Amino acid sequence: DTAVSQTPKYLVTQMGNDKSIKCEQNLGHDTMYWYKQDSKKFLKIMFSYNNKELIINETVPNRFSPKSPDKAHLNLHINSLELGDSAVYFCASSPTPGQKFAEAFFGQGTRLTVV
Amino acid sequence: KQEVTQIPAALSVPEGENLVLNCSFTDSAIYNLQWFRQDPGKGLTSLLLIQSSQREQTSGRLNASLDKSSGRSTLYIAASQPGDSATYLCAVPEGGGATNKLIFGTGTLLAVQP
Chain A
6 DTAVSQTPKY LVTQMGNDKS IKCEQNLGHD TMYWYKQDSK KFLKIMFSYN
56 NKELIINETV PNRFSPKSPD KAHLNLHINS LELGDSAVYF CASSPTPGQK
106 FAEAFFGQGT RLTVV
Chain B
214 KQEVTQIPAA LSVPEGENLV LNCSFTDSAI YNLQWFRQDP GKGLTSLLLI
264 QSSQREQTSG RLNASLDKSS GRSTLYIAAS QPGDSATYLC AVPEGGGATN
314 KLIFGTGTLL AVQP
């Protein structure tokens, strides 16, 4: 029973298209995140939502729009895809921040390739 | 601004060896530190979370230590196996942990030779 699941696992699309990645967690966590792993394998946060409210937006182009319909879901929509958007996108969740035991759990990643 | 460094960047050891992976962070005001494992083409698996008040945390053959004052953590892997081959990442929450925005190190790529 996967704790954090995201779909699709692979996504190949042409420049200029709009695409969405979905994420769901069944851990009962209040907080969800999107991270991006670039070609050099470096992981960096993009967004964070706590109880459906945006709390972190890391200067990501506004072509990226996260949406959280409820605590258990955080989707990522990307408009007008560019070659430089090619990366692996990870969804994660954790208990409410500010707690020493707030362990983060990650999904399997979505490998986005823009051609 | 929190920065996390991992040394070495890559490590190759024969099966059965004990090994240590290192993680350094610049801001010692952290709530916790987490070690992850990433297999090629796969997601991140949480291995251990060590709270700021703890010095050590153990899970099976893995032992993580934390020295907040010196800004260091180590991950000790005992009796390494080929199945341990993966990239190991450490991460700390920025700003102490108020947002749980994780700052990741660049990882250590471990290869355990049979």
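Heads up: the protein sequence lines correspond to chains A and B, in order.
Sequence positions in the first sequence follow the working numbering and run 6 to 120.
Sequence positions in the second sequence follow the working numbering and run 214 to 327.
Here a beta-carbon is modelled for each residue, glycine too, at the ideal position from N, C-alpha and C.
Note that the structure is a prediction, hence the values are computed from the model and not measured.
Problem - When Asn55/A, Ile60/A and Leu81/A are compared against valine 93/A, the one with the closest alpha-carbon - result: Position 88 of the first sequence, counted from the start, is the residue given in the question as residue 93/A. Considering only alpha carbons, the answer is Leu81/A.
Handout entry: Unbroken stretches of the beta strand (DSSP E), 3 residues or longer, contained in the region 234-308 of chain B
Key = 245-251, 257-264, 269-272, 275-280, 285-290 and 299-306
Problem - Residues in the region 43-54 of chain A having any Cβ partner in chain B nearer than 9 angstroms - result: Lys45, Lys46, Phe47, Leu48, Lys49, Ile50 and Ser53
Practice task
Say whether chain A places a C-beta atom closer than 8 angstroms to the C-beta of glycine 176/B.
Solution key: For residue 176/B there is no data in the structure shown, the boundaries of chain B being 214 and 327.
Practice task
Flag alanine 77/A as yes if its beta-carbon sits less than 8 angstroms from any beta-carbon of chain B, otherwise no.
Solution key: Position 72 of the first sequence, counted from the start, is the residue given in the question as residue 77/A. No - not a single Cβ of chain B is within 8 angstroms of the one on alanine 77/A.
Exercise for the section: Count the other CB atoms, across all protein chains shown, that sit within 10 Å of the CB of arginine 250/B; report buried if there are 16 or more and exposed otherwise. Expected result: Taking the second sequence and counting its residues from 1, one reaches residue 250/B at position 37. So arginine 250/B counts as buried.
Practice task
Below 7 angstroms CB to CB, which residues in the same chain sit around threonine 239/B once its five sequence neighbours on both sides are set aside?
Solution key: Taking the second sequence and counting its residues from 1, one reaches residue 239/B at position 26. Closer than 7 angstroms at the Cβ level, and outside the excluded window around threonine 239/B, lie Gln215, Glu216 and Gly284.
Exercise for the section: For tyrosine 244/B, decide whether its Cβ has a neighbour in chain A, counting only Cβ atoms nearer than 8 angstroms. Expected result: Indexing the second sequence from 1 puts residue 244/B at position 31. By this cut-off, tyrosine 244/B is an interface position.
Handout entry: For alanine 97/A and valine 9/A, believed in contact at Cβ under 8 angstroms, the rounded distance
Key = In the first sequence, the residue the question calls residue 9/A occupies position 4. In the first sequence, the residue the question calls residue 97/A occupies position 92. Their Cβ separation, rounded to whole angstroms, is 6 angstroms, which keeps valine 9/A and alanine 97/A in contact under 8 angstroms.
Problem - Best match in Arg274/B, Tyr244/B, Gly254/B and Pro253/B for proximity to arginine 268/B [C-alpha to C-alpha] - result: Indexing the second sequence from 1 puts residue 268/B at position 55. Out of Arg274/B, Tyr244/B, Gly254/B and Pro253/B, Tyr244/B has the C-alpha closest to the C-alpha of arginine 268/B.
Handout entry: CB contact below 8 angstroms: phenylalanine 95/A versus chain B
Key = In the first sequence, residue 95/A corresponds to position 90, counting from 1. Chain B, which has a Cβ nearer than 8 angstroms to the Cβ of phenylalanine 95/A, makes this yes.
Exercise for the section: Could you give the DSSP three-state label for aspartate 75/A: helix, strand or coil? Expected result: As a first step, residue 75/A must be located in the first sequence, where it is residue number 70. Aspartate 75/A: strand per DSSP, three-state reduction.
Exercise for the section: Could you check the C-alpha separation between lysine 24/A and lysine 72/A for me, to the nearest Å? Expected result: Working through the first sequence from its first residue, we reach residue 24/A at position 19. Working through the first sequence from its first residue, we reach residue 72/A at position 67. Straight-line Cα distance between these residues: approximately 13 angstroms.
Handout entry: Own chain residues within Cβ distance below 7 angstroms of valine 325/B, not counting five before or after
Key = Within the second sequence, numbered from 1, the residue matching residue 325/B stands at position 112. Around valine 325/B: Val226, Glu228, Ser293, Gln294, Pro295, Asp297 and Ser298.
Practice task
Compare the beta carbon distance of serine 259/B and lysine 281/B with 8 angstroms and say whether it is the shorter of the two.
Solution key: Residue 259/B sits at position 46 when you count from the first residue of the second sequence. Residue 281/B sits at position 68 when you count from the first residue of the second sequence. Result no, Cβ atoms of serine 259/B and lysine 281/B do not sit closer than 8 angstroms.
Practice task
Write down the C-beta distance between isoleucine 61/A and threonine 287/B rounded to the nearest angstrom, noting that I regard them as a contact closer than 8 angstroms.
Solution key: Locating residue 61/A in the first sequence gives position 56, where the first residue counts as 1. Locating residue 287/B in the second sequence gives position 74, where the first residue counts as 1. In fact, because the Cβ distance is near 29 angstroms, the residues do not count as touching under 8 angstroms.
Exercise for the section: Give me the Cα-Cα distance between tyrosine 301/B and glycine 103/A, rounded to the nearest whole angstrom. Expected result: Counted from its first residue, the second sequence places residue 301/B at position 88. Counted from its first residue, the first sequence places residue 103/A at position 98. Cα to Cα, tyrosine 301/B sits roughly 24 angstroms from glycine 103/A.
Practice task
Give the range of the beta strand (DSSP E) segment to which serine 225/B is assigned.
Solution key: In the second sequence, counting from the first residue as 1, residue 225/B sits at position 12. Serine 225/B -> beta strand (DSSP E) spans 223-227.
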